[in-house]
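A short worksheet on the structure shown next.
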Amino acid sequence: GIDCSGNSRMCCRKEFFVDFKEIGWEDWIIQPEGYHMNYCTGLCPLHVAGIPGLAASFHTAVLNLIKANNADAAVDSCCVPTQRRPLSLLYYDRDSNIVKTDIPDMIVDACGCT
Amino acid sequence: APQGAGCPACGLAALAPATQRDVLVSLAKQSILSKLRLPDRPNITQPASRGALLTALRRTRAQRTDAAVSPGAPRDGSIPRLRPGTGVQEYEILSFAESGSSTSRSVRLHFRFTRELAGSTEILQATLHLFWAAPGPGTHPVTIRLLQPDPTGLNMTVASETRLEVQRAGWATLDMGQAVQSLFGQGSQRLTVELEAAGGWGSPLLAGHSDSHWPFVAARARARMPHRVQRR
Numbered sequence: 208g209i210d211c212s213g214n215s216r217m218c219c220r221k222e223f224f225v226d227f228k229e230i231g232w233e234d235w236i237i238q239p240e241g242y243h244m245n246y247c248t249g250l251c252p253l254h255v256a257g258i259p260g261l262a263a264s265f266h267t268a269v270l271n272l273i274k275a276n277n278a279d280a281a282v283d284s285c286c287v288p289t290q291r292r293p294l295s296l297l298y299y300d301r302d303s304n305i306v307k308t309d310i311p312d313m314i315v316d317a318c319g320c321t
Numbered sequence: 227a228p229q230g231a232g233c234p235a236c237g238l239a240a241l242a243p244a245t246q247r248d249v250l251v252s253l254a255k256q257s258i259l260s261k262l263r264l265p266d267r268p269n270i271t272q273p274a275s276r277g278a279l280l281t282a283l284r285r286t287r288a289q290r291t292d293a294a295v296s297p298g299a300p301r302d303g304s305i306p307r308l309r310p311g312t313g314v315q316e317y318e319i320l321s322f323a324e325s326g327s328s329t330s331r332s333v334r335l336h337f338r339f340t341r342e343l344a345g346s347t348e349i350l351q352a353t354l355h356l357f358w359a360a361p362g363p364g365t366h367p368v369t370i371r372l373l374q375p376d377p378t379g380l381n382m383t384v385a386s387e388t389r390l391e392v393q394r395a396g397w398a399t400l401d402m403g404q405a406v407q408s409l410f411g412q413g414s415q416r417l418t419v420e421l422e423a424a425g426g427w428g429s430p431l432l433a434g435h436s437d438s439h440w441p442f443v444a445a446r447a448r449a450r451m452p453h454r455v456q457r458r
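The listed protein sequences derive, respectively, from chains A and B.
Those letters in the first sequence? Residues 208 to 321, per the working numbering, in order.
Those letters in the second sequence? Residues 227 to 458, per the working numbering, in order.
Quick look at the structure:
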């Protein structure tokens, strides 16, 4: 996977960090300090297409949308996550209990064209 | 979509950076709350004291001998994963005691569990952690009763009764998996524990429960798997 840098327009992983303190969530989420909600963005030229991705069925759905909206769009590949990992949280629930859990597939580690 | 171009899938114009950030932050909030099955962010009314939390985390981590904790801590925090690779969301819940009615020989403790977890998880393990006060010479029997509300909700019935012999001050644990599971099964949220010390000992727990000796229940739960229909 490629991390977005500079002004490359290729499919890459864009880092995006949500700081819990900034959004006023630091009182009920004890750990970690924020959420790396990275996402995939950029173009998938034909010669890059074909790298297997996690969300093949998602890819088909999005491609159908693109064809429906832009009949002349020559796109047959999409920039999607290819590697994800859990977000581990330690937080207070509504009864002031402490809960520790791992939410699967919440953090995008790599993107690719599918 | 690349900066400046419209979205190829929905045809909307690309968002201005500030608007895009607001959209992403609200998406992050929605995603976390929905995955935690919370309708809204909790308002903390009774935060656990730091001493109680650290003691409870330390005791549960030490006790978890079978957990397959990944060798490396995740990069985004210091929390070891519960059971990586199973693909099923697991929870570790620490419920700290609320003091209930007490007499010179007995004390009642209340533990509360949230609706979200009660309805959608199955209990894998639940352990009550108590710190005994120094009982004095000899052994002192303590009877521990788990009380649950009866169907009318007006009275309490004894779900189980256990007798322990206490010889010295220190931590003790009691398995409560079945009691907590049946509590969840009844849709109830509050579990009451009654501790009764036989003759002359007084209250079996430290008077005033110092922070790091605060009683708590540590439970491990797993999300119930939705009923899957296999297409042939």
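Cβ coordinates follow ideal geometry from the N, Cα and C atoms, glycine included.
Close-in-space but distant-in-sequence residues of the same chain around B:E191 (CB under 6 Å, 5 per side omitted): The structure shown does not extend to residue 191 of chain B, since chain B spans only 227 to 458, so no value can be given for it.
Of all Cβ atoms in chain A, is any one closer than 8 Å to the Cβ of B:G403? no
Taking a Cβ distance cut-off of 8 Å, strictly less, list which residues of the stretch 288 to 308 of chain A are near chain B, in chain order. R292, P293, L294, S295, L296, L297, Y298, Y299, D300, R301, D302, S303, N304, I305, V306, K307, T308
B:R508 CB to nearest chain A CB: under 8 Å? Lying outside 227 to 458, the shown extent of chain B, residue 508 of chain B is not represented and no answer is given.
Check whether the Cβ of B:L441 lies closer than 8 Å to any Cβ atom in chain A. Going by the sequence as given, residue 441 of chain B is Pro instead of Leu. False, the Cβ-Cβ gap to chain A never drops below 8 Å.
Mind listing the chain A neighbours of B:R338? Cutoff is C-beta to C-beta under 9 Å, in chain order. D302, S303, N304
Quick one: what's A:M217 bridged to in DSSP? A:L250
Using the C-alpha atoms, what's the distance from A:C285 back to B:V419? 56 Å
Taking C-beta to C-beta, are B:R331 and B:E422 nearer than 8 Å? yes
Would you mind reading off the limits of the beta strand (DSSP E) that contains A:Q290? 286 to 299
Let me confirm a value: A:R220 is counted as buried when at least 16 other C-beta atoms fall within 10 Å, else exposed. Which label applies? buried
If contact means a Cβ-Cβ distance below 7 Å, which residues of the stretch 225 to 237 of chain A contact chain B? V225, I230, W232, D234, W235
Across which residues does DSSP place A:S212 in a beta bridge pair? Partner(s): none; A:S212 has no beta bridge.
Is it buried or exposed for B:E318, if we count other Cβ within 10 angstroms and need 16 for buried? buried
Please report whether the beta-carbon of B:I349 lies at a distance below 8 Å from any beta-carbon of chain A. no
Buried versus exposed, by CB contacts within 10 Å (16 or more), A:M313: buried
Less than 7 Å between C-beta atoms, sequence neighbours within five positions excluded: which residues of the same chain meet that for A:Y298? W235, I236, I237, V306
Could you spell out where the beta strand (DSSP E) holding A:K307 opens and where it closes? 305 to 320
Could you check whether the Cβ of A:P252 sits closer than 8 Å to any Cβ belonging to chain B? no
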